[in-house]
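Taking it in order: structure first as structure tokens, then the write-up.
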Amino acid sequence: ESIDLGEIMFSLCYLPTAGRMTLTVIKCQNLKAMDITGASDPYVKVSLMCEGRRLKKRKTTTKKNTLNPVYNEAIIFDIPPENMDQVSLSIAVMDYDR
1 ESIDLGEIMF SLCYLPTAGR MTLTVIKCQN LKAMDITGAS DPYVKVSLMC EGRRLKKRKT
61 TTKKNTLNPV YNEAIIFDIP PENMDQVSLS IAVMDYDR
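Have a look at this one:
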């Protein structure tokens, strides 16, 4: 049974001539509250994976006290075309705790 933790909207673009992948995190909606206050301080963590190993990781800014954060942030990874079939992305929405 799946649990609804919210939605994430992103776009993914790969430019083979430059060997560049751009993941744009647009926004999240209806996130599940993680703090006692009923809100969260969400950010999005993106990892570039190859055969189960994390090669690189990036994250967005943290949006304070919201369950519907808007990011519009681009995350860029350099990936040569010959390696594209060996990599994957892991995208996770996290709650920032001080």
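Numbering (UniProt numbering), first residue to last: 1 to 98. Yeah, the Cβ is synthetic: ideal placement off N, Cα and C, and Gly gets one too.
Secondary structure note for Ser47: its beta strand (DSSP E) is the uninterrupted segment 42 to 50. Restricting attention to beta strand (DSSP E) runs no shorter than 3 residues, the UniProt domain "C2" (4 to 98) encloses them at 7 to 15, 20 to 29, 42 to 50, 53 to 59, 70 to 78, 87 to 95, ordered along the chain. Scanning its chain for C-beta atoms nearer than 8 angstroms, with the 5 sequence neighbours on each side dropped, one finds around Gly19 the residues Asp78, Ile79, Pro80, Pro81, in chain order. Across the set Ile91, Asn68, Ser90, Asn72, the C-alpha of Asn68 shows the shortest separation from the C-alpha of Ala33. Taking C-beta atoms as the reference points, Thr60 and Val87 fail to come closer than 8 angstroms.
When only Cα atoms are considered, Lys64 and Thr17 end up about 38 angstroms apart.
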